[in-house]
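K.L.:
Chains S and X, in that order, are what the protein sequence lines are. Counting with the working numbering, you get residues 1 to 243 for the letters of the first sequence. Counting with the working numbering, you get residues 1 to 243 for the letters of the second sequence. We put the CB at the ideal spot given by N, CA and C, even for glycine. It should be emphasised that the depicted structure is a prediction, and the values quoted were computed from it without experimental measurement.
Number of protein chains: 2
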Amino acid sequence: MSVLARATALLAAFDERSPVIGVGELARRSGLPKSTVHRLCGELCSVRLLERTDDGYQLGPWLFELGELVPTHRTLSEAAQPIMEDLREATHQRIHLAVLDGVEVVYVNILGGSSMGLSSRVGGRLPAHSTGVGKVMLAYSSRSVLQARIEAGLPQLTPRTITTAENLVAEMRAIRSIGMAFDAEESHAGVSCVAAPVFGADRKIVAGLSITGPTASLDPRTMGPAVRTAAFVLSRTLRTDGI
Amino acid sequence: MSVLARATALLAAFDERSPVIGVGELARRSGLPKSTVHRLCGELCSVRLLERTDDGYQLGPWLFELGELVPTHRTLSEAAQPIMEDLREATHQRIHLAVLDGVEVVYVNILGGSSMGLSSRVGGRLPAHSTGVGKVMLAYSSRSVLQARIEAGLPQLTPRTITTAENLVAEMRAIRSIGMAFDAEESHAGVSCVAAPVFGADRKIVAGLSITGPTASLDPRTMGPAVRTAAFVLSRTLRTDGI
DNA sequence: AGGGCCGTCCCGCTCAGTGGAACGCATGTA
DNA sequence: TACATGCGTTCCACTGAGCGGGACGGCCCT
Chain S
1 MSVLARATAL LAAFDERSPV IGVGELARRS GLPKSTVHRL CGELCSVRLL ERTDDGYQLG
61 PWLFELGELV PTHRTLSEAA QPIMEDLREA THQRIHLAVL DGVEVVYVNI LGGSSMGLSS
121 RVGGRLPAHS TGVGKVMLAY SSRSVLQARI EAGLPQLTPR TITTAENLVA EMRAIRSIGM
181 AFDAEESHAG VSCVAAPVFG ADRKIVAGLS ITGPTASLDP RTMGPAVRTA AFVLSRTLRT
241 DGI
Chain X
1 MSVLARATAL LAAFDERSPV IGVGELARRS GLPKSTVHRL CGELCSVRLL ERTDDGYQLG
61 PWLFELGELV PTHRTLSEAA QPIMEDLREA THQRIHLAVL DGVEVVYVNI LGGSSMGLSS
121 RVGGRLPAHS TGVGKVMLAY SSRSVLQARI EAGLPQLTPR TITTAENLVA EMRAIRSIGM
181 AFDAEESHAG VSCVAAPVFG ADRKIVAGLS ITGPTASLDP RTMGPAVRTA AFVLSRTLRT
241 DGI
């Protein structure tokens with residue numbers, strides 16, 4: 001194992017719930033000797049990837065700046081921002097933009113405060129089969145991606161999550177036939193969503209766009225066309241900008 | 001120089017204008033031998049900090065995910081998002097949220113598409129003395145921060161940028177007396193802005209919030225109270241959430 | 001054919017990185 | 001009070017991981 005791998009293991013030890021971690025805990029999480037962790041943290045601080053606080057270390061602000069330079073995120077987010085804002089203003093629901101990374105969905109941009117107790121956050125991950133954006137991306141991806149998701153298992157997040165391969169395959173067909181995906185409380189109880197596919201310049205799927213809200217206030221009849229239109233516009237923008 | 005320092009130099013070689021860089025160019029920018037760069041890039045790819053493309057390397061998506069976990073950004077952005085959206089909807093101008101890093105401003109969140117040719121982007125930097133958010137943060141920071149900015153020089157971005165220490169000091173006094181800062185085309189020609197200070201739980205300055213737009217359509221009489229109110233609300237939120 | 005730039009690969013040297021062990025210092029426990 | 005257990009920190013002898021000069025083959029211009 002190289003220095004970089006060790007250092008990366010340290011960075012990977014941080015998550016949503018533990019923004020600040022001490023040397024001992026870092027050693028435990030990464031499986032590295034305490035003295036090694038101690039020294040590596042010092043080095044990581046000196047290159048501004050980590051930061052010292054009174055009771056441990058935390059990820060450094062430079063990581064945030066680097067993260068904003070990541071091409072996939074930046075080009076996509078830049079093109080999507082105005083469209084998402086229009087969608088937000090028109091619907092007053094929560095707007096999600098996500099990409100697929102392996103068998104999981106990664107949220108790239110979210111508009112619409114934290115009005116309800118929704119846990120989705122930019123940079124967050126969820127299993128693709130359990131969300132609207134995830135399902136719509138699976139439906140328009142190559143067969144092997146869907147296969148990979150099925151082989152990785154279909155964890156159940158709510159009582160309504162799709163948990164069998166047959167149901168998922170059937171759902172994919174339905175999604176392709178209507179050009180959008182519905183998520184009826186399959187990821188969060190009480191929360192539904194309508195999602196549409198976003199395509200890049202090569203006509204391949206690159207992202208999923210969705211409108212999310214409390215099941216009661218989310219009318220698919222109006223939200224469906226809205227999100228599909230916005231996704232079309234975004235796809236066109238990407239095509240002309242050449243992505 | 002350690003492995004980490006070398007690897008960091010490679011990451012630092014990427015910027016807004018060069019999302020994809022080849023081995024040779026990376027070697028040139030980082031000052032490292034080509035063979036070293038080649039091997040390091042391989043390692044960086046294997047830990048997902050970089051990604052191979054057809055014509056070079058680019059920052060990996062994992063960096064984006066890590067960046068979103070950075071505490072300063074995350075807590076601030078989370079609290080600010082709904083307030084910024086309200087401000088956006090009320091004014092239909094561009095809304096900026098920024099923090100101070102040394103003598104520069106770093107944008108943490110921006111709402112309001114790319115309607116005009118504004119170059120500000122999330123994760124981007126500008127000299128603090130030349131922007132509304134920067135000036136308002138300098139005004140409420142300790143004397144030494146202002147001093148550092150003056151010693152680092154006061155680069156001129158537009159004909160109206162403040163470029164002398166005396167003018168800047170006087171401006172600070174004016175800002176503190178009215179509780180907000182005006183930027184009259186000091187960072188971008190034709191673009192003005194009104195900024196207000198955001199304070200944390202310890203009553204220290206943590207961020208600057210601003211409304212930015214074309215000079216013609218930005219009326220300080222209405223925008224001033226709006227941005228001050230929003231900044232107060234955000235400060236209160238941070239205080240009760242304990243940041 | 002020649003020159004220049006590209007990415008890639010090899011391999012012997014060496015010093016940077018490693019981690020076990022010990023330390024001082026707060027805690028909580030007997 | 002004495003002990004146990006956690007914390008972060010420091011030291012240092014060993015060694016193999018990282019280093020980089022140099023060579024190679026492919027590509028695109030003269």
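Taking DSSP as the reference, what is the three-state secondary structure of T163 of chain S?
P.N.:
coil
K.L.:
Whose C-beta lies closer than 7 Å to the C-beta of T91 of chain X among residues of the same chain, with five residues either side of it excluded?
P.N.:
I211, M223, A226
K.L.:
So is M1 of chain S buried or exposed if we call it buried at 16+ other beta carbons inside 10 Å?
P.N.:
exposed
K.L.:
At what residue ranges does the region 116-196 of chain X contain a whole run of the beta strand (DSSP E), taking only runs of 3 or more?
P.N.:
125-127, 181-184
K.L.:
Does the beta-carbon of K204 of chain X have 16 or more other beta-carbons within 10 angstroms, so that it is buried, or is it exposed?
P.N.:
exposed
K.L.:
How is the beta strand (DSSP E) around A226 of chain X delimited, first residue to last?
P.N.:
Counting along the chain, A226 of chain X falls outside any beta strand (DSSP E), though it belongs to the alpha helix (DSSP H) covering 220-241.
K.L.:
When you compare the CB positions of A139 of chain X and A181 of chain X, do they come within less than 8 Å of one another, or not?
P.N.:
yes
K.L.:
For the region 79-102 of chain X, which residues have a beta carbon sitting closer than 7 Å to at least one beta carbon of chain S?
P.N.:
Result list: Q81, P82, E85, E89, D101.
K.L.:
Run the CB neighbour count on A174 of chain X, radius 10 Å, all protein chains shown included, and call it buried at 16 or more, exposed below.
P.N.:
exposed
K.L.:
Sort out for me which residues DSSP pairs Q58 of chain X with in a bridge.
P.N.:
X:E51
K.L.:
Would a C-beta distance cut-off of 8 Å place A196 of chain X and V99 of chain X closer than the cut-off?
P.N.:
no
K.L.:
Compare the C-beta of V198 of chain S with all C-beta atoms of chain X and state if any pair is closer than 8 Å.
P.N.:
no
K.L.:
Look up L100 of chain X in the DSSP assignment and say whether it is helix, strand or coil.
P.N.:
The three-state secondary structure of L100 of chain X, taken from DSSP, is strand.
K.L.:
Within the 8 Å Cβ cut-off, does T72 of chain S reach chain X?
P.N.:
yes
K.L.:
Going by alpha carbons, who is nearest to H73 of chain S out of S:A7, S:N109, S:P61, S:G22?
P.N.:
S:N109
K.L.:
Considering only C-alpha positions, which residue in the set S:L59, S:E104, S:L40 is nearest to L254 of chain S?
P.N.:
The structure shown does not extend to residue 254 of chain S, since chain S is modelled only from 1 to 243, so the question has no answer here.
K.L.:
Would you say T8 of chain S touches the ligand NAP, meaning its beta carbon is less than 7 Å from a heavy atom?
P.N.:
Among the ligands in the structure shown, none appear at all, so the ligand NAP cannot be discussed.
K.L.:
Can you tell me whether G42 of chain X is buried or exposed? The criterion is at least 16 other CB atoms within 10 Å of its CB, across all chains shown.
P.N.:
exposed
K.L.:
Bridge partners for G212 of chain S per DSSP, in chain order?
P.N.:
The residue you asked about is not Gly; residue 212 of chain S is Thr in the sequence shown. Answer by DSSP bridge pairing, in chain order: S:R94, S:C193.
K.L.:
Looking only at its chain, what residues have a beta carbon closer than 7 Å to the beta carbon of A152 of chain X, apart from the 5 residues adjacent to it on each side?
P.N.:
V103
K.L.:
Taking the straight line between their C-alpha atoms, what separation do you get for L4 of chain X and L40 of chain S?
P.N.:
9 Å
K.L.:
When the Cα of P155 of chain X is compared with those of X:D101, X:G132, X:D202, X:S187, which residue comes out closest?
P.N.:
The residue from X:D101, X:G132, X:D202, X:S187 with its alpha-carbon nearest to that of P155 of chain X is X:S187.
K.L.:
Which first and last residues belong to the alpha helix (DSSP H) in which A9 of chain S is found?
P.N.:
3-12
K.L.:
What's the C-alpha gap between F199 of chain S and L238 of chain S?
P.N.:
8 Å
K.L.:
Are any of the Cβ atoms in chain S nearer than 8 Å to that of S210 of chain X?
P.N.:
no
K.L.:
When you compare the CB of F232 of chain X with every CB in chain S, is at least one pair closer than 8 Å?
P.N.:
no
K.L.:
Going by C-alpha to C-alpha distance, which of S:R121, S:V133, S:M172 sits closest to S142 of chain S?
P.N.:
S:M172
K.L.:
Of all Cβ atoms in chain S, is any one closer than 8 Å to the Cβ of S2 of chain X?
P.N.:
Yes, because at least one Cβ of chain S sits closer than 8 Å to the Cβ of S2 of chain X.
K.L.:
Along the alpha helix (DSSP H) that carries R28 of chain X, what are the first and last residues, could you check?
P.N.:
23-30
K.L.:
Output yes or no for whether 8 Å exceeds the beta carbon distance between G132 of chain S and Y107 of chain S.
P.N.:
no
K.L.:
Which chain X residues are close to D55 of chain S, counting only those with a beta carbon under 8 Å from its beta carbon?
P.N.:
In chain order: nothing, as chain X lies at least about 13 Å away.
K.L.:
In the DSSP assignment, what residue or residues form a beta bridge with D15 of chain X?
P.N.:
X:S18
K.L.:
Between S:S35, S:L66, S:I21, S:S30, which lies nearest to T53 of chain S when the distance is taken from Cα to Cα?
P.N.:
S:I21
K.L.:
The alpha helix (DSSP H) with S217 of chain S in it runs from where to where?
P.N.:
Taken as a continuous stretch (DSSP letters only), S217 of chain S belongs to no alpha helix (DSSP H), as it is neither H nor E.
K.L.:
Say whether chain X places a C-beta atom closer than 8 Å to the C-beta of D219 of chain S.
P.N.:
no
K.L.:
With a threshold of 6 Å on Cβ separation, who are the neighbours of W62 of chain S within its own chain once the five nearest residues in sequence on each side are excluded?
P.N.:
Within its own chain, the residues whose Cβ lies closer than 6 Å to the Cβ of W62 of chain S, once the five positions on either side in sequence are excluded, are R48, listed in chain order.
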